[in-house]
Amino acid sequence: FPRWIQNGLHDRGRLCEVDNRGIAGELTRSAVRHWETEVLAGCPDAVVLGYGYYECIHALLPHWLERHVNTFNNRTGPFRTRYREWLLRPTWKAMAQVQRALDRYLADRLFRGRARRIVRDYEVLVERSRRVAPGSPLVFVLALLGPGGKAADWFPGMQSRIDLMNAQLAEMVARFDSPGVRLVPV
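The sequence shown runs contiguously to residue 239 in the numbering used here.
#1: Among residues of its own chain, excluding the 5 on either side of Leu-80, which ones have a beta-carbon nearer than 7 Å to its beta-carbon?
#2: Taking the continuous beta strand (DSSP E) assigned at Ala-84, which residues delimit it?
#3: Ordered along the chain, which non-local residues of its own chain (more than five positions away) have a Cβ less than 7 Å from that of Ser-189?
#4: Extract the residue ranges of the alpha helix (DSSP H) inside the stretch 75 to 156, only unbroken runs of 4 or more that lie entirely within it.
#5: Would a C-beta distance cut-off of 8 Å place Val-237 and Ala-204 closer than the cut-off?
#6: Out of Tyr-158, Asp-174, Glu-180, state which residue places its alpha-carbon closest to the alpha-carbon of Ser-213.
#7: Check for me: the alpha helix (DSSP H) holding Phe-243 runs from which residue to which?
#8: Just to confirm before moving on: does the CB-CB distance between Arg-74 and Glu-91 stay below 8 Å?
#9: Less than 7 Å between C-beta atoms, sequence neighbours within five positions excluded: which residues of the same chain meet that for Gln-152?
#10: With 16 other CB atoms within 10 Å as the buried threshold, where does Leu-140 fall?
#11: Please name the residue in Ser-83, His-63, Trp-57 whose C-alpha comes closest to that of Ile-171.
#12: If we ignore side chains and look at the alpha-carbon of each, how far apart do Ala-94 and Arg-165 end up?
#13: Measure how close the beta-carbons of Asp-242 and Phe-208 come, nearest whole angstrom, since I'm counting them as under 8 Å.
#14: CA-CA distance, Phe-54 and Met-218?
#15: State the start and end residues of the unbroken alpha helix (DSSP H) segment that holds Leu-236.
#16: Given Trp-145, which residues of its chain have a CB within under 6 Å of its CB, disregarding the five upstream and five downstream residues?
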């Protein structure tokens with residue numbers, strides 16, 4: 054989205070600089086921890102927040118394990134390579150297949166409490182961005198896209214988690230009751 058936003062604004066004659074601080078698979082609670090260096094230090098005119106999606110992916114498997122298995126910056130070496138190929142990947146795939154079988158039955162039951170915690174963290178991000186950052190920047194909250202392709206098959210309960218998160222995000226933005234906080238359907 055960052056490049057698309059910047060190009061779209063430039064095409065409309067609005068010069069801007071888009072600074073993407075996104076991290077693949079970052080949890081909303083991690084964004085709260087890093088808010089000061091990521092948002093406050095930059096003094097932005099607008100803040101685009103796109104959190105909550107990663108939390109909707111897995112119903113059962115821990116996020117830290119998924120990040121460990123699918124990291125983009127793993128180190129190589131004879132032991133590390135064998136560990137990943139022979140132990141980690143096969144174990145992860147077996148666990149993912151079990152989750153796949155159970156996911157549609159657990160989709161909403163386990164996620165409602167997590168969704169409330171995610172929105173509480175999200176509210177902190179929005180409040181800090183609006184009240185503490187210089188100039189009270191506009192805050193755009195991106196709605197979440199549902200899974201497509203293989204993801205829809207591997208995570209059959211994900212769409213209902215996405216729907217729940219989108220409803221919760223819309224309620225959160227409505228509670229702010231401010232033109233400076235907007236929900237953006239994508």
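Yeah, the Cβ is synthetic: ideal placement off N, Cα and C, and Gly gets one too. This structure is a prediction, so every number in the text was calculated from the model and none was measured.
Answer, in terms of the structure:
#1: Working through the sequence shown from its first residue, we reach residue 80 at position 27. If the five residues before and after Leu-80 are omitted, its C-beta is found closer than 7 Å to the C-beta atoms of Tyr-107, Glu-108, His-116, all from its own chain and listed in chain order.
#2: Residue numbering aside, residue 84 sits at position 31 when the sequence shown is read from its first letter. Segment 81 to 86 is the alpha helix (DSSP H) holding Ala-84; no beta strand (DSSP E) there.
#3: For the purposes of this step, residue 189 is identified with residue 136 of the sequence shown, where counting begins at 1. Contacts found: Arg-183, Gly-233.
#4: 81 to 86, 88 to 91, 106 to 110, 116 to 122, 131 to 135
#5: Taking the first residue of the sequence shown as position 1, residue 237 is located at position 184. Taking the first residue of the sequence shown as position 1, residue 204 is located at position 151. Contact: no.
#6: Locating residue 213 in the sequence shown gives position 160, counting from the first residue. Among Tyr-158, Asp-174, Glu-180, the Cα nearest to that of Ser-213 is on Tyr-158.
#7: With the chain represented from 54 up to 239, any question about residue 243 goes unanswered, as that position is not in the structure.
#8: Within the sequence shown, residue 74 is the residue found at index 21, counting from 1. Within the sequence shown, residue 91 is the residue found at index 38, counting from 1. For the pair Arg-74 and Glu-91, the CB atoms are nearer than the 8 Å cut-off.
#9: In the sequence shown, residue 152 corresponds to position 99, counting from 1. Cβ within range, chain order: His-111, Ala-112, Leu-113, Leu-114.
#10: Along the sequence shown, read from residue 1 onward, the residue named residue 140 stands at position 87. Answer is exposed; the Cβ neighbour count stays below 16.
#11: Numbered from 1 along the sequence shown, position 118 holds the residue referred to as residue 171. Among Ser-83, His-63, Trp-57, the Cα nearest to that of Ile-171 belongs to Ser-83.
#12: Against the sequence shown, residue 94 aligns to sequence position 41. Against the sequence shown, residue 165 aligns to sequence position 112. Taking the straight line from one Cα to the other gives about 34 Å.
#13: The structure shown has nothing for residue 242, since the chain only spans 54 to 239.
#14: Taking the first residue of the sequence shown as 1, we reach residue 54 at position 1. Taking the first residue of the sequence shown as 1, we reach residue 218 at position 165. Distance between the alpha carbons of Phe-54 and Met-218 is about 20 Å.
#15: As a working mapping, residue 236 is identified with position 183 in the sequence shown. Where Leu-236 is concerned, there is no enclosing alpha helix (DSSP H), although the beta strand (DSSP E) it sits in stretches over 234 to 237.
#16: Here residue 145 refers to the residue found at position 92 of the sequence shown. Here the set comprises Val-122.
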